[in-house]
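Notes for the one structure printed next.
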Amino acid sequence: MIADHLPKSIYGFTLSSLREYLLERGFAKYAADQIYRWIYRHQDLDYSSWSNVAKKIKQHASEQWSFQLPKIIRQQLSSDGTVKFLFEMQDLKSVEAVVIPAKDRLTLCLSTQVGCAIGCTFCNTATQGFERNLTAAEMVGQLLTINRWLGQQRPDSMQVSNIVYMGQGEPLQNLPQVKIATTIFMEPLGFGISQRKITLSTSGLVAGIEQLKDFPPVNIALSLHSPFDQVRSSLMPINRAHSLEDVLQAIKSLPLKAHRSITYEYLLIKGINDRMEDVQELVRILDHTTSKINLIRYNQFPGSSYQAPSDQQMIWFRDQLISRGLVCTNRASKGEDIMAACGQLKSAQQN
1 MIADHLPKSI
11 YGFTLSSLRE
21 YLLERGFAKY
31 AADQIYRWIY
41 RHQDLDYSSW
51 SNVAKKIKQH
61 ASEQWSFQLP
71 KIIRQQLSSD
81 GTVKFLFEMQ
91 DLKSVEAVVI
101 PAKDRLTLCL
111 STQVGCAIGC
121 TFCNTATQGF
131 ERNLTAAEMV
141 GQLLTINRWL
151 GQQRPDSMQV
161 SNIVYMGQGE
171 PLQNLPQVKI
181 ATTIFMEPLG
191 FGISQRKITL
201 STSGLVAGIE
211 QLKDFPPVNI
221 ALSLHSPFDQ
231 VRSSLMPINR
241 AHSLEDVLQA
251 IKSLPLKAHR
261 SITYEYLLIK
271 GINDRMEDVQ
281 ELVRILDHTT
291 SKINLIRYNQ
301 FPGSSYQAPS
311 DQQMIWFRDQ
321 LISRGLVCTN
331 RASKGEDIMA
341 ACGQLKSAQQ
351 N
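The sequence shown runs 1 to 351 under the working numbering.
Here you go:
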């Protein structure tokens, strides 16, 4: 646990909560807008230089707020341009985050927990176990630190434009803090990232999915990985508590607000979930949906007994689904050479 006596992190305030905080202490609430611009637009964390902020507020900031960001312990560059960051938090716990480049966007794969409790057998993070939830401030800190790093190390690069909650941890087990972080990411006076450019991934916690009805209407990605309960339970122990039928029903009951999309993530593993019967059952359970399947090649890690499918098998599986009316794409695995691809993140050895 992070010590309660530490100064309150400024990065944990939504704009509305910062306005309320200032008003309760006798300060002008519009100062919250000024502070947000300084921190997130100008990336200026030196409150003494905030020229339009009242002196009393800057004094309060020096006494009551922490401006400490996650510390970059290491960054690794992949041959495809992907960058993996190892962050150290104030309590010396560490997490990994990944920046994935594309022609028209720069995506941050964000962690929500130190480790993970879900225990998926195909995931390297599962071998680490669960240590604690991250705070909203620590999630915001990952993005702000990376944007500042980009500004200093790659001044010609664009800033992060997309967020995917697909790093370490199950976001729905930390939903209150994830909701705060998402609100901060979307704030126009702050990062200003559109809800259409934020994706929340889940292994399928039914109670958490039901709570998404009151969550900002970001994109949702369900880790599916098998259409059969027995196989899915062997890959994802969480399926024993939440059957696939219950998970799909919860997903389908979500109100599809403007711009929210549902994606089914399917990690293709040789000899496990790549057969014709898998194709046929996927078509049966996902028929009449407007959602798409994201097909991902299994990424190996030390100690794993699973194998990746061939390129031909990836193409065959995709084409079989498409020919039966489902929307399916093969997602390129980036950062595999630095253990930054889907299912490869782990920071336990650094802790």
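Positions of the beta carbon are idealized from the N, C-alpha and C atoms, including for glycine. Quantities reported herein were computed from a predicted structural model and do not represent experimental measurements.
Requested in this report: Using the Cα positions of Thr121 and Ala31, report the straight-line distance between them to the nearest angstrom.
Outcome: Counted from its first residue, the sequence shown places residue 121 at position 121. Counted from its first residue, the sequence shown places residue 31 at position 31. Rounded to the nearest angstrom, the two C-alpha atoms are 49 Å apart.
Report task. Quick one: grab the DSSP three-state call for Val164. Result -> For this step, residue 164 is matched to residue 164 along the sequence shown. Strand.
Query raised in the report: From Asn174, Ile73, Gln90, pick the residue whose C-alpha is nearest to that of Ile118; which is it?
Result: Mapped onto the sequence shown, residue 118 falls at position 118. Ranking the options by Cα distance to Ile118, first place goes to Asn174.
Query raised in the report: Looking only at its own chain, which residues have a Cβ that is under 7 Å from the Cβ of Phe13, when we skip the five neighbours before and after it?
Result: Here residue 13 refers to the residue found at position 13 when the sequence shown is read from its first residue. Within the same chain, Phe13 has close Cβ partners Tyr21.
Report task. Compare the C-alpha of Thr199 against each of Ser9, Asn162, Ala97 and name the closest. Result -> Translated into the one-based positions of the sequence shown, residue 199 becomes position 199. Residue Asn162 is the option with its Cα nearest to Thr199.
Report task. Under 6 Å Cβ to Cβ from Leu18, same chain only, skipping five residues before and after it: list those, please. Result -> If you number the sequence shown from 1, residue 18 lands on position 18. Closer than 6 Å at the Cβ level, and outside the excluded window around Leu18, lie Ala32.
Query raised in the report: DSSP three-state call for Thr125: helix, strand or coil?
Result: Residue mapping note: residue 125 aligns to position 125 of the sequence shown, counting from 1. It is helical.
Requested in this report: Determine, using beta-carbon pairs with one atom in the region 300-308 and one in the region 263-274, whether at least three such pairs fall under 8 Å.
Outcome: yes
**Report entry** Cα-Cα separation between Thr182 and Gln312, rounded to whole angstroms
**Finding:** On the sequence shown, residue 182 is found 182 positions in, with the first residue counted as 1. On the sequence shown, residue 312 is found 312 positions in, with the first residue counted as 1. When rounded, the distance between both Cα atoms is 38 Å.
Requested in this report: Hey, could you find the ends of the alpha helix (DSSP H) Lys29 is sitting in?
Outcome: For this step, residue 29 is matched to residue 29 along the sequence shown. First-last for Lys29: undefined, no H or E at that position.
Requested in this report: Note down, in chain order, each residue of its chain lying with its Cβ closer than 8 Å to the Cβ of Gly343, except the 5 sequence neighbours on either side.
Outcome: The residue given as residue 343 occupies position 343 in the sequence shown. Unreliable positioning characterises Gly343 in this predicted model, as indicated by a pLDDT of 48, which lies under 50. The coordinate reading is nonetheless provided below. Result list for Gly343: Cys120, Phe122, Cys123, Asn124, Thr125, Leu267, Tyr298, Asn299, Phe301, in chain order.
**Report entry** Delimiting residues of the beta strand (DSSP E) encompassing Val98
**Finding:** Indexing the sequence shown from 1 puts residue 98 at position 98. Note, Val98: beta strand (DSSP E), 94-101.
Requested in this report: Report yes if the CB atom of Gln159 is closer than 8 Å to the CB atom of Ser111, and no otherwise.
Outcome: Working through the sequence shown from its first residue, we reach residue 159 at position 159. Working through the sequence shown from its first residue, we reach residue 111 at position 111. Cβ atoms of Gln159 and Ser111: not closer than 8 Å.
Query raised in the report: Exposed or buried, which one is Met276 when buried takes at least 16 other CB atoms within 10 Å?
Result: In the sequence shown, the residue the question calls residue 276 occupies position 276. Per the 10 Å Cβ criterion, exposed.
Query raised in the report: For Glu131, which three-state DSSP category applies?
Result: On the sequence shown, residue 131 is found 131 positions in, with the first residue counted as 1. Here Glu131 sits in strand by DSSP.
Requested in this report: Just grab the DSSP bridge partners of Asn294 for me.
Outcome: As a working mapping, residue 294 is identified with position 294 in the sequence shown. Note: Asn294 sits in a beta bridge opposite Glu265, Thr329.
Query raised in the report: Between Glu187 and Pro227, is the Cβ-Cβ spacing less than 8 Å?
Result: By 1-based counting over the sequence shown, the position of residue 187 is 187. By 1-based counting over the sequence shown, the position of residue 227 is 227. Going by C-beta atoms, Glu187 is not nearer than 8 Å to Pro227.
Requested in this report: Flag this pair as touching only if the region 208-227 and the region 247-263 have three or more C-beta atom pairs under 8 Å; answer yes or no.
Outcome: The region 208-227 vs the region 247-263: in contact.
Report task. Just the C-alpha distance for Leu224 and Gln152, rounded to the nearest angstrom, thanks. Result -> In the sequence shown, residue 224 corresponds to position 224, counting from 1. In the sequence shown, residue 152 corresponds to position 152, counting from 1. In a straight line, the C-alpha of Leu224 is about 39 Å away from that of Gln152.
Requested in this report: Taking the CB atoms as reference points, tell me whether Arg318 and Leu295 lie closer together than 8 Å.
Outcome: The residue given as residue 318 occupies position 318 in the sequence shown. The residue given as residue 295 occupies position 295 in the sequence shown. Yes, the pair counts as a contact, with Cβ atoms nearer than the cut-off.
Query raised in the report: Residues bridged to Lys179 by DSSP?
Result: Within the sequence shown, numbered from 1, the residue matching residue 179 stands at position 179. For Lys179, which the question treats as bridged, DSSP gives no partner whatsoever.
Query raised in the report: In whole angstroms, what separates the C-alpha of Arg232 from that of Glu24?
Result: Numbered from 1 along the sequence shown, position 232 holds the residue referred to as residue 232. Numbered from 1 along the sequence shown, position 24 holds the residue referred to as residue 24. Cα to Cα, the separation comes out at about 50 Å.
Query raised in the report: Could you check where the beta strand (DSSP E) with Leu86 kicks off and where it finishes?
Result: The sequence position of residue 86 within the sequence shown is 86, counting from 1. First-last of the beta strand (DSSP E) with Leu86: 83-88.
**Report entry** From Leu189, Leu205, Ser291, Glu265, residue whose alpha carbon lies closest to that of His242
**Finding:** Working through the sequence shown from its first residue, we reach residue 242 at position 242. Of the candidates Leu189, Leu205, Ser291, Glu265, the one whose C-alpha sits nearest the C-alpha of His242 is Leu205.
Query raised in the report: Buried or exposed: Pro70, going by 16 or more other Cβ atoms within 10 Å of its Cβ?
Result: Reading the sequence shown from its first residue, position 70 is the one you call residue 70. Buried: at least 16 other Cβ atoms inside 10 Å.
Report task. Assign Ala54 to one of three DSSP states: helix, strand, or coil. Result -> Locating residue 54 in the sequence shown gives position 54, counting from the first residue. In this structure, Ala54 counts as coil in the three-state DSSP scheme.
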